[in-house]
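K.L.:
Submitted below is the structure of interest, expressed as structure tokens.
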Amino acid sequence: MDTENSPFSSVDASDLSLEQTFARTDAREPLTEVQRSIRFCDSPGDSTQKSSLKAKTPCSHVYHVSCEAEADSSSMDDLKAVLMWQNPAVSALAFLCGCLTCLAIDFGLNGSHGLNFVTGLCFALLTVLGLNFLRGLVSAKWLRNSHWSGSSAADAAAAQAANVVRHLASWHDTLLASSSPTLTSQVTILLSLSAYLGSLLSFWRLVLVAFVAVFTLPVGYQSNQASISDAWAQATATVQGAWVKAGLSRRSKLCAIAGLIMLIWIISPWPTRLMLLLNGMVAIRCHLQPGEVKAVRDAAKPYTKSVGRNAKRLSMAASGAFVAAGRRMSTPSRATPRAQ
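Take 8 as the starting number for the sequence shown in my numbering and just add one per residue.
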């Protein structure tokens with residue numbers, strides 16, 4: 008075997024371990040079964056277990072996963088180049104196409120044409136049905152080719168959908184799992200502002216605003232990074248200085264936050280009240296010490312156990328009812344023979 012032309016020659020030459028190969032992908036998505044097997048085989052441990060796992064993991068999977076990591080890195084670099092206007096022609100084309108797409112979809116859903124979502128969907132399905140009818144009328148082969156099940160396009164779409172679901176699960180664990188109080192407060196404020204903007208703009212107009220911001224804010228920040236950083240540092244220092252100068256204790260700060268929440272609670276509608284309640288609880292959580300968090304969890308432990316037991320009983324009952332219903336539906340009915 009020619010080692011110079013081998014896809015593993017660069018890995019062997021640089022003496023990289025598979026742990027380093029997967030270092031970039033771990034931060035974005037969980038390891039697959041193949042990656043876990045490769046990682047275990049690369050780590051010290053029982054040679055018997057490692058041999059069995061290596062037998063299940065061919066080298067082509069290692070090269071395939073490495074190529075996927077390189078492709079993801081290259082895609083991110085290309086996206087950053089477009090967003091930072093490194094090639095003005097390509098960035099302008101992408102910007103115009105995105106804006107026109109958002110405007111066209113918004114017009115299709117909310118325009119003055121008189122069509123709603125259900126009517127437009129039915130018209131689109133009727134168009135597909137009419138095209139397939141004409142294809143089947145003129146050619147039997149074209150009719151067979153109009154089937155989606157088992158096609159390569161459907162398989163590729165299913166694989167891409169599974170990849171999207173995995174990325175969404177990873178984003179959920181990062182942003183919505185409430186593992187970090189600081190990150191939770193930032194996400195809560197961002198979602199609250201987005202909810203307020205959503206009450207003023209339609210979804211696709213909000214997408215258009217976000218699209219324009221993605222193409223303009225990074226470039227503007229890079230061009231004026233020094234002045235923006237100085238202004239932000241000065242504003243932060245002013246606010247922190249005023250907060251420290253007030254000389255409030257932790258109890259006073261918590262009371263001030265609670266008072267502000269109560270004031271806005273009185274003058275706001277129910278959706279705003281619930282968002283403010285969540286923001287206030289997250290802000291209070293950011294000021295709690297680890298011992299205080301442990302005390303809260305210990306106090307709630309009997310109630311969480313009771314809720315867990317009841318939820319388990321309900322889940323078992325629902326599963327049993329679902330299985331029984333499935334068996335009744337799958338069992339053919341025995342008709343009583345008619346008397347002769």
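Even glycine gets a Cβ: it sits at the ideal position worked out from N, Cα and C.
For tryptophan 250, count the other beta carbons within 10 Å of its own beta carbon; 16 or more makes it buried, fewer makes it exposed. Which is it?
P.N.:
In the sequence shown, counting from the first residue as 1, residue 250 sits at position 243. Exposed.
K.L.:
Do you know offhand how far serine 81's Cα is from alanine 88's?
P.N.:
As a working mapping, residue 81 is identified with position 74 in the sequence shown. As a working mapping, residue 88 is identified with position 81 in the sequence shown. The straight-line gap from Cα to Cα measures roughly 11 angstroms.
K.L.:
Please report the straight-line C-alpha distance between leucine 107 and phenylalanine 114, rounded to a whole angstrom.
P.N.:
Walking along the sequence shown from the start, residue 107 turns up at place 100. Walking along the sequence shown from the start, residue 114 turns up at place 107. Going by the C-alpha atoms only, they are around 10 angstroms apart.
K.L.:
If you draw a straight line from the alpha carbon of threonine 189 to that of serine 119, how long is it in whole angstroms?
P.N.:
Translated into positions along the sequence shown, residue 189 becomes position 182. Translated into positions along the sequence shown, residue 119 becomes position 112. Between threonine 189 and serine 119, the C-alpha separation is close to 44 angstroms.
K.L.:
Rounded to whole angstroms, how far is the Cβ of glycine 143 from the Cβ of tryptophan 149, which I believe are closer than 8 angstroms?
P.N.:
As a working mapping, residue 143 is identified with position 136 in the sequence shown. As a working mapping, residue 149 is identified with position 142 in the sequence shown. Confirmed, about 7 angstroms.
K.L.:
Have a look at aspartate 85 and valine 171 and give me their C-alpha separation to the nearest angstrom.
P.N.:
As a position in the sequence shown, residue 85 is number 78, starting the count at 1. As a position in the sequence shown, residue 171 is number 164, starting the count at 1. Cα to Cα, aspartate 85 sits roughly 20 angstroms from valine 171.
K.L.:
Let me know the alpha helix (DSSP H) ranges lying completely inside the segment 179–257, each 4 residues or longer, listed in chain order.
P.N.:
Those alpha helix (DSSP H) runs which fall completely within the segment 179–257 and span 4+ residues are 188–207, 210–230, 232–252.
K.L.:
By a C-beta neighbour count over all protein chains shown, 10 Å radius and 16 as the cutoff for buried, is alanine 290 buried or exposed?
P.N.:
Counting from 1 along the sequence shown, the entry for residue 290 is found at position 283. By the neighbour-count rule (16 or more Cβ atoms within 10 Å), alanine 290 is buried.
K.L.:
Measuring alpha carbon to alpha carbon, tell me which of Arg257, Leu283, Gln241, Ile196 ends up nearest methionine 269.
P.N.:
Taking the sequence shown and counting its residues from 1, one reaches residue 269 at position 262. The residue with the shortest Cα to Cα distance from methionine 269 is Leu283.
K.L.:
If you measure between the beta carbons of valine 194 and leucine 182, is that distance less than 8 angstroms?
P.N.:
Indexing the sequence shown from 1 puts residue 194 at position 187. Indexing the sequence shown from 1 puts residue 182 at position 175. In contact: valine 194 and leucine 182 (Cβ atoms closer than 8 angstroms).
K.L.:
So what's leucine 136 in DSSP terms, helix, strand or just coil?
P.N.:
Here the question's residue 136 lines up with position 129 in the sequence shown. Residue state, collapsed to three classes: helix.
K.L.:
Does the distance from the CB of alanine 161 to the CB of tryptophan 155 come in under 8 angstroms?
P.N.:
As a working note, residue 161 is residue 154 in the sequence shown. As a working note, residue 155 is residue 148 in the sequence shown. Closer than 8 angstroms, so yes.
K.L.:
Using a 10 Å radius around the Cβ and a threshold of 16 neighbouring Cβ atoms, would you call tryptophan 211 buried or exposed?
P.N.:
On the sequence shown, position 204 is the one that residue 211 refers to. Answer is buried; the Cβ neighbour count reaches 16.
K.L.:
Would histidine 294 and lysine 252 be called neighbours here (beta carbons separated by less than 8 angstroms)?
P.N.:
As a position in the sequence shown, residue 294 is number 287, starting the count at 1. As a position in the sequence shown, residue 252 is number 245, starting the count at 1. No, they are not a contact pair.
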